[in-house]
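Worksheet: one structure, shown below.
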Amino acid sequence: MSSSTLESSPAVELKDTLKPPKKRSSKLPWLLLAPSLLVLAIMVGYPLVNLFIMSFQKYERAQLMGVPAEWVGFQNYTDTLTDPVFWTVLARSFAFMVVCVFLTMAIGILLALLMMRLNKFFRLLVSIGLLLAWAMPALAAVIVWGWIFDTQYGVVNNVLTKITGDNWMGHSWLINPLMFYIVAALIIVWQSVPFVAFTMYAGLTQVPGEVLEAASLDGATPAQRFRLIMVPYVRSIIVVLIILSIIWDLRVFTQIFVLQGIGGIAEKTNTIGVYIYQMGMAQGHYGTASAIAVILVFIMMGISYYYVRQTVKEEEL
Amino acid sequence: MKRNRLVATTVASTITLALALTACGSGDSGSDGASGDAAKTGDIRVWLVGTDTPADAREYLKTTFEKENPGSTLTIEEQSWTGLVDKLTTSLASSDSPDVVEVGNTQAAAFTSAGFFTDLTDKYEALGGDDLLPGFVEAGTYDEKFYAAPYYSGARAVFYSQQIVGDGFVAPETLDDYVAQGKALTTDTRSGIYWPGQDWYNGLPYIWENGGFIAEKKGDKWEAGFSSEGGIKGLEQIQDVMLTASKAPKDGQETDQQIPFCEGNIGFLSAPTWVQWSIKAEETAEAPGCATTYGSDLHAFALPGKEAGTAAQVMAGGSNIAVATKSQNQELALSALEIMLSDGYQEIMATNGLIPAKVSQAKFLPDDEITQAGAAAAAAAKLTPASPKWADVEAKRYLQDAFVQLAQGGDVQAIATKLDEQIESTLNS
Amino acid sequence: MSTLNPTVAGTATTAPRSSGSGPRKTREGQRKKVSNVVYSVIAVIVFAASAFPVYWMINSSFLPTNMIRSTDLTFFPGSSFTIDNYKNAIFNQERAPFLPALGNSVLVTFFVLIVSMVLAFLASLAVTRFNFKGRKAFIIAILAVQMIPGEAMMISIFRIIDGWQLLNSIIGLGIVYLSGVLPFTIWTLRGFVAGVPAELEEAAMIDGCSRAKAFWRITFPLLAPGLVATGVFAFIQAWNEFVMALIIMTRPESMTLPLWLRTFQQATQATNWGGLMAGSVLIAIPVVIFFLIVQGRMTGGLVSGAVKG
């Protein structure tokens, strides 16, 4: 699992090349950007404007059929913000996100450190295992996990029955919202750890061996070496990974949506993404769904403000 | 849109096809309304949901349509109940809309109220008039206009195996008897009355028979009735059954019920009549049943009511059928819809054990014990509240959630109060 | 990466330290051995834990239905090995047909993959090689766009595609996916383009290449690993997505593979776990193969994109 990219463009060198050369050209860059801009403007920009407008309208199913939408001002926003269900869903999504991000990062970093210490064979073994988990399409992954935790014939119930001697057959894992989330977190962490582990591993291999050597000569413990030497080197990678994980896990949709189809109580297991879908696509309250989405975008911007600012600062160099 | 409603509305199974049918190709008296407008030809798409509609009915529809409309073709596209409302909402509003669509009767209002279906008011008489199932006509009507015609109704019956209940078994006379017998049949592993937690369709008879109601319109406001006196009594009885007579998963759905039944772990199984085919399937089939064991002496009765000799009021699941407003071939689509409501077509539905959309065709229902039990129950069937918002109540799964809490032994009064609040806030929003 | 080999790395780090005392060296060597065993054991556990669902999926897909629905677990098909589930999944005509769905998925995935790579390449050249007004705004925009919950925009996007009469078309679905993956691909590819020294292009231009030729002949080939890394995301997205596909591809003949897989779970029927597992295997295979081919290069993009800070 070595990364040829990294070897050819070590981090340190990269730092100098990343800021754009002082080429001043007004037309060419725009020409290069044009196709992407066109696609994004039409397929993201326009729907985004639409979303914003709809969030101030009473937009229901009838409006899809051409009935003019009624302007309702901040009604959708006040409705959403005064709806306890919204806050419950939001709080739940955050709690779920925090747990998933923490577990993913912790396990991912530990696995990366583990891979540093393994010999070729075992490193390959771990890589293959992680790769399999990563490559599984999300839909198929949830279905397989649903089958593993199946109430009637799932392997988990079966094994638990054999081990404990109690009768676990027929035990439903998804009924209890907490257990539902544990299963969902298991699926999500299982699928996101590989990305973190591989990326961290690739990053850690960039830490110069001499520095680590010198540190251990000075009597630094492995924990100290990690905290004081490795972490500063891969700090920006960790930040990116955390931000990405936050964005992905807060918006989590497929896993929850499919898992709800397999079992569990929808009302008590909705995350914000699924809630928006339920409100809009399933129930036809597009205006309210848009308002929720706008609120969510602001929240996400808030979370990643630091990171965005950081990026912008670097770009200004 | 979820599995649960599906089960209630589905009445046939693929195995129904095995029944020898001779009705095909004969008697299409109801479809002559389509003749005379062969001027425009086109290809129309009919969306049928699930596997409910038997294959010979599909064949009949296609051949009759193409015979009556030379040059035009009809394609049946099978849809899934899962996510149906979501998909219909976008498709019916698009330029590539299907022409004729089937929709669950409780979902119809969401579309009739928003202009998705062509107004069929002046076709009402031609389509069957008072011969059409009244409850379903109501479900397809909005603002005194008729948009979605009845398609068929599902029937429910209580199944049992003679081997389980014993030779001296006499079907219960009243609902209370039924519960008592169910409890007596319960053992450590066997459910006297099998009741997966999410199955709220099965709970409605208990509510209605005890004098409760789902929601009624008082003035211009909907008032939910689970916390009414009768509603509470019904819910208490439901919880009693769930806790003392059922070993089913507390959050289970009413799918795959043939599995515990075939293991001999069910005394009474209240389910749509098509479940019989799953139970009677061969042990080696792709979806195995138990043709040689518990399926060999399968019987059924209609769920009894509070008063001796009556059938309980059950939930009428079923489908409506409508022409899409955005269909490019209104004439042809209407012609297809007329065929589907013709006597010939509805006769095929009836012979396959589905309660036909036309009352007059019910005489073609098979004369076996199970179908008759289903028909007896259907005669006393009731519907969910006729509000365009009702589909939202189902989409939000309030009832499933409340029933799961009941099955877990939650406080009846609290559950009922919360459920009523949720239903009222949705219907009155 | 040969330095990562524990034995080599071990001697490298311990050698200078142990020069003074012999016994210490052996003790450390032993401790090293013990911890190597521990790490190896952990490695095996990690492998088992992450591969188990995949193994279980494959195992179930080769079992006959009656053994899947059994209280006795079967961990290896052995003599009851059957490919009926696959036959059923692929050839059962009552369900949506497999082959057209496969064809649609392959087409839409290739469309998204190729177009997104080309567009992202051009765009990342613009933001890394040039300094122009609006550059900063563009970078912020592609970052911010990734935070918008897509579920809320589905209806607007649907109406655009409908307006263009592109429902039930590969192009229509492809454009939707393209707009979904483009921000992330541009952002990731940017780091790779930055990793290719601009001096190389300048040298080529001195040699008489036009700027376009320099980009194409020099930069593009050097970007191969980066394109692979970003391509993975485009590939996964287009191959797996099903919610937009559900409303855009409404005709049976235009189904994609995820939609096809969902037809296995019919609400009225008992879940056919064997068929479902066979279907899942069929969907997962191309992704796994793709991953195996490109593996070592996938994470590089993010690292090189990130370490710049």
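Residue numbers (our numbering), protein chains in the order written: chain U, 7 to 323; chain X, 168 to 596; chain L, 569 to 877. Note that the Cβ used here is the ideal one computed from N, Cα and C, for glycine as well.
C-beta neighbour in chain U for residue i, strict 8 Å
i               : result
Q733 of chain L : no
T552 of chain X : In the sequence as presented, Thr is not what sits at residue 552 of chain X; that position holds Pro. Not closer than 8 Å to any Cβ of chain U, the Cβ of P552 of chain X fails to qualify, so no.
T584 of chain X : no
S608 of chain L : yes
I754 of chain L : yes
S848 of chain L : yes
A284 of chain X : The amino acid occupying residue 284 of chain X in the given sequence is Phe; Ala does not appear at that position. By this cut-off, F284 of chain X is not an interface position.
S589 of chain L : Note on S589 of chain L: pLDDT 47, under 50, position unreliable in the model; the coordinate value appears next. No - not a single Cβ of chain U is within 8 Å of the one on S589 of chain L.
A782 of chain L : no
Proximity test, Cβ basis, 8 Å: residue i and chain X
i               : result
D730 of chain L : yes
E66 of chain U  : yes
N634 of chain L : yes
F832 of chain L : no
M71 of chain U  : yes
E273 of chain U : yes
Q289 of chain U : yes
N672 of chain L : no
G279 of chain U : no
G171 of chain U : no
Within-8 Å CB hit, residue i to chain L
i               : result
M185 of chain U : no
L87 of chain U  : no
P533 of chain X : no
D253 of chain X : yes
W196 of chain U : yes
I433 of chain X : no
G79 of chain U  : no
L180 of chain U : no
A141 of chain U : yes
T317 of chain U : yes
S310 of chain U : yes
Expected contact under 8 Å - CB spacing of residue i and residue j to nearest Å
i               : j               : result
I360 of chain X : G434 of chain X : 7 Å
V481 of chain X : L300 of chain X : Contact flag wrong, Cβ pair sits at about 14 Å.
D266 of chain X : F570 of chain X : Rounded, the Cβ-Cβ distance is 37 Å, inconsistent with contact.
Residue-chain proximity (residue i, chain B), Cβ-Cβ < 8 Å
i               : result
T818 of chain L : No chain B appears in this structure, whose protein chains are U, X and L.
Residue i CB to nearest heavy atom of the ligand MG below 7 Å
i               : result
K493 of chain X : The ligand MG is not among the ligands present in this structure, which contains no ligands whatsoever.
Residue j beta carbon less than 8 Å from that of residue i
i               : j               : result
M287 of chain U : D253 of chain X : yes
T288 of chain X : F326 of chain X : no
A444 of chain X : S554 of chain X : The sequence shown places Trp at residue 444 of chain X, rather than the Ala named in the question. Not closer than 8 Å, so no.
L116 of chain U : V264 of chain U : no
M307 of chain U : L256 of chain U : no
V199 of chain U : T110 of chain U : yes
T597 of chain X : P533 of chain X : No answer is possible for residue 597 of chain X: it lies beyond the span of chain X, which begins at 168 and ends at 596.
A691 of chain L : L39 of chain U  : yes
G397 of chain X : G378 of chain X : yes
F284 of chain X : V490 of chain X : yes
V744 of chain L : F801 of chain L : no
S903 of chain L : W807 of chain L : Shown here, chain L extends from 569 to 877; a query on residue 903 of chain L therefore has no answer.
L850 of chain L : M685 of chain L : no
A583 of chain X : I399 of chain X : yes
L735 of chain L : D210 of chain X : no
G4 of chain U   : S32 of chain U  : Beyond the ends of chain U as shown, which are 7 and 323, falls residue 4 of chain U; an answer cannot be given.
I188 of chain U : W624 of chain L : no
Discussion item. Please give the ranges of any alpha helix (DSSP H) in the stretch 35-107 of chain U, keeping only runs that are unbroken, at least 4 residues long and fully inside the region.
Written reply: 52-60, 67-70 and 81-87
Fill in: Length-filtered (3 minimum) beta strand (DSSP E) runs lying within the stretch 294-349 of chain X
315-320 and 323-328
Discussion item. Taking 8 Å as the cut-off, does the stretch 540-558 of chain X touch the stretch 454-469 of chain X (at least 3 CB pairs, one atom from each stretch)?
Written reply: yes
Discussion item. What ranges does the alpha helix (DSSP H) occupy inside the stretch 186-274 of chain U, keeping only unbroken runs of at least 4 residues that lie completely in it?
Written reply: 215-223, 237-256 and 260-268
Practice prompt. Indicate whether the contact test is met: 3 or more Cβ pairs, each with one atom in the stretch 159-166 of chain U and one in the stretch 632-644 of chain L, closer than 8 Å.
Written response: yes
Item to complete: Decide yes or no for the touch test of the stretch 807-826 of chain L against the stretch 238-251 of chain X: beta carbon pairs closer than 8 Å, at least 3 of them.
Response: yes
Practice prompt. Specify whether the stretch 121-141 of chain U and the stretch 178-185 of chain U touch according to this definition: at least 3 beta carbon pairs, one from each stretch, less than 8 Å apart.
Written response: no
Practice prompt. Return the chain-ordered ranges of every alpha helix (DSSP H) run that is complete within the stretch 686-730 of chain L and spans a minimum of 4 residues.
Written response: 703-713
Practice prompt. Assess, as a yes-or-no matter, whether the stretch 750-758 of chain L is touched by the stretch 691-708 of chain L under the definition of 3 or more beta carbon pairs within less than 8 Å.
Written response: yes
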